[in-house]
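When the sequence shown is numbered by the working numbering, its final residue is 277 and no position is left out of the sequence of numbers. Notes for the one structure printed next.
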Amino acid sequence: MKPKKAFTLIELLVVIAIIAVLMAILMPALRAAKSQARKTVCKVHIGGLALALRMYVDDYEGKTHNSPNNGLWDNAHTNPAVVKKFGPNESLSYWGIAYFPYAENKKIYSCPGVERVDDWPENGPSWGRNVQHYFAFCSYGLNGYITNKNIDTNPQFKRPSEIIAFQDHIEQKLDNISSDMFCIGPGARINLTQWRRSSEGGSGFVDNNWSGDQWHDTVQECFRHRNISMTCWLDGHVSEIARTTGEDVPTRWYTGKVEE
């Protein structure tokens, strides 16, 4: 019986090179597939939130909740030993708490593609990555124009399919048309000025509060699905908005005022 011939070093290197080439070909496809899966899950989550909002409105005579602007579900960041759940009207509460009885799974309030959320560093020290777990379930930004409104009878909302309810965003509540919405507000030359660095036409907020390598591109977080923001409209349908500087986004998508 002939002895088995062992691989030579050259043959082994050839095999390794072939594997490396195959990995280089396959990895982008795998990353794309993973990204698509995250986007699909996000679409399901945000669609579920639309149903929760609709059920809430039906129970409260057509009116949405008067939502606060923060991203916490409890006080664990200050008192981890004795955790107290926040109610829907507390100043640090996430808007989703009001609608939680209609969608009782906190995972729905988190996008699988999220990397960063606003942890309100301007109200204290720049906490950084070590506190992001406190903000794990607040990755969708609510359109502030639809809060505390009767969306069934208010003439401002005659076209619900053209009014944003909530969308992928770094901020929890979008309350300033000139700084944190995808449209260009009055007096601005570009959108999302709060979340752009000064060198990009931003207001300076990011430069002053979000510094160092602990923060990635804050605008990119609004378009976290390969430059796409999954957006849910007031009628419940979900669509994609591509990364934009605002020229193609009318303010009425937020305000509901058709003359804008």
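Glycine included, C-beta positions come from ideal geometry on N, C-alpha and C.
- By the neighbour-count definition (other C-beta atoms within 10 Å, threshold 16), Gly-204 is an exposed residue.
- Going by DSSP, Val-223 is part of the alpha helix (DSSP H) stretching over 222-226.
- When DSSP states are grouped into helix, strand and coil, Val-255 belongs to the strand group.
- Separation of Val-31 and Lys-51 (C-alpha to C-alpha, rounded to the nearest whole angstrom) is 30 Å.
- Beta-bridge partners assigned by DSSP to Gln-184: Gly-158 and Thr-248.
- For Val-236, the enclosing alpha helix (DSSP H) stretches over residues 235-239.
- Taking C-alpha positions only, Thr-272 is separated from Leu-39 by approximately 50 Å.
- Cβ-Cβ distances below 7 Å link Met-247 to Lys-56, Cys-59, Lys-60, Ile-63, Gln-184, Asp-185, Val-255 and Glu-257 in the same chain, with the five nearest sequence neighbours on each side left out; the list follows chain order.
- With at least 16 other beta carbons inside 10 angstroms of its own, Lys-190 counts as buried.
- Setting aside the 5 residues that flank it on each side, Thr-164 is surrounded in the same chain by Thr-81, His-82, Asn-83, Ser-84, Trp-112 and Lys-190, each with a C-beta closer than 8 Å to its C-beta; the list follows chain order.
- The three-state secondary structure of Lys-123, taken from DSSP, is helix.
- If you draw a straight line from the Cα of Val-74 to the Cα of Leu-68, it comes to about 10 Å.
- Counting along the chain, Trp-270 sits inside the alpha helix (DSSP H) bounded by residues 269-272.
- Under the three-state reduction of DSSP output, Asp-91 falls in the strand class.
- For the options Ser-196, Leu-251, Ile-245 and Cys-155, the alpha carbon positioned closest to that of Asn-167 is the one of Leu-251.
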